[in-house]
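Remember, this note's numbering sits 315 above the position in the sequence shown when you count from 1. First comes the structure, then the notes that go with it.
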Amino acid sequence: MRGNDAGTPGSGQAKAKVLVIDDDPHLLKALRITLAAHGYAVETAGDGASALTAASRLAPDVLVLDLGLPDMDGTEVLRNLRRWSAAPVLVLSARHGSPDKVGALDAGADDYITKPFGLDELLARLRALLRRVPQAETHPLVSSAGFTVDLLARQVLRSGQPVRLTPTEWNILEILVRNPSRLISQQQLLADVWGPAYGKEANYLRVYMAQLRRKLEDDPGNPRHLLTEAGAGYRFVP
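So this is what it looks like as structure tokens:
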């Protein structure tokens, strides 16, 4: 990694959130320090499962992804990510072959840079990717016919009154409403909310989804907004 100051993501603005995914702890540390010095808010992950969990919780503005991860290939991370996120992804990899680049781009990457890389080039590509991202709303609301979710205040309103949710109920609901009409798999929800080790504990989701429906649906036994796709996952329909 080499280079000099290539600018910041913009003074006077909220820091752009970057999630860096790589199995090299030294590179993660170096990028965390360097990107933070250039005005980014940086989070890191050392494997694919942790990366998907972090991406769900952080909702990063851009991701930097290595393909050679210890638990899954980076292209698998991309395919999972693209099921529910449109955040731009810059692949950072030691693989120089054209098939690897094509495979990553086909899986959903927005750009590709090979190791070793220059810091100036990395920063320039991050800025280019961030220019494609629409500015976030200052007060994002997701509304349905039955309730409204205030993502900034982390609050749910039903008939104008706040609904008390547990932290786990909120985490599940937030993932679903951030991806309206998209099917979110059971495994993805379990990994994002409880961690990768809980990927087969579907009964956890059944219990919490039943609780959410009782709190938010007019007819919990015949839900209109929080739907189950049998054997596959769950979907929020506004």
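The C-beta atom is built at its ideal place from N, Cα and C for all residues, glycine as well.
(1) Give the DSSP-derived three-state secondary structure of residue 500 in the structure shown.
(2) Quickly, what does DSSP pair residue 332 with across the bridge? List them, please.
(3) Is it the case that the Cβ atoms of residue 397 and residue 423 are separated by a distance below 7 Å?
(4) Classify residue 363 as buried or exposed, calling it buried when 16 or more other Cβ atoms lie within 10 Å of its own Cβ.
(5) Identify, in the order they occur along the chain, each residue of the same chain with its Cβ nearer than 6 Å to the Cβ of residue 494, setting aside the five sequence neighbours on each side.
(6) How many Å lie between residue 474 and residue 540 at the Cα?
(7) Since residue 485 and residue 469 are thought to touch, with beta carbons under 8 Å apart, how far apart are those beta carbons, to the nearest angstrom?
(8) Give the straight-line distance between the Cα atoms of residue 445 and residue 438, rounded to the nearest whole angstrom.
(9) How far does the beta strand (DSSP E) with residue 477 in it reach, from first residue to last?
(10) In terms of residue numbering, what span does the alpha helix (DSSP H) encompassing residue 557 cover?
(11) Roughly how many angstroms separate the alpha carbons of residue 374 and residue 533, rounded to a whole number?
(12) Report the option in 547, 387, 442 whose CA atom is closest to the CA atom of residue 353.
(13) In angstroms with no decimal places, state the Cα-to-Cα distance between residue 343 and residue 359.
(14) Measuring straight from C-alpha to C-alpha, what distance separates residue 538 and residue 528?
(15) Label residue 506 either buried or exposed according to how many other C-beta atoms from any shown protein chain fall within 10 Å of its C-beta, with 16 as the threshold for buried.
(16) With DSSP as the reference, please indicate the residues paired to residue 458 in a beta bridge.
(17) Could you give the distance in angstroms between the alpha-carbon of residue 428 and the alpha-carbon of residue 467?
(18) Pull up the distance between the alpha-carbon of residue 465 and that of residue 435, whole angstroms please.
(19) Where does residue 469 fall in DSSP's three states?
(20) Between 517, 481, 552, which has its C-alpha nearest residue 462's C-alpha?
(21) Pick out whichever of 341, 390, 349, 376 has its Cα sitting closest to the Cα of residue 401.
In brief:
(1) strand
(2) 356
(3) yes
(4) buried
(5) In chain order, 399 place their CB closer than 6 Å to the CB of residue 494, counting only its own chain and leaving out the 5 sequence neighbours on each side.
(6) 15 Å
(7) 6 Å
(8) For residue 445 and residue 438, the distance between alpha carbons rounds to 11 Å.
(9) In the DSSP assignment, residue 477 falls within the beta strand (DSSP E) that extends over 476–478.
(10) Nothing about residue 557 can be read from this structure; the chain reaches only from 316 to 553.
(11) 30 Å
(12) 442
(13) Distance between the alpha carbons of residue 343 and residue 359 is about 7 Å.
(14) 7 Å
(15) buried
(16) 463
(17) The straight-line gap from Cα to Cα measures roughly 34 Å.
(18) One alpha carbon belongs to residue 465, the other to residue 435, and they sit about 38 Å apart.
(19) Here residue 469 sits in coil by DSSP.
(20) 552
(21) 376
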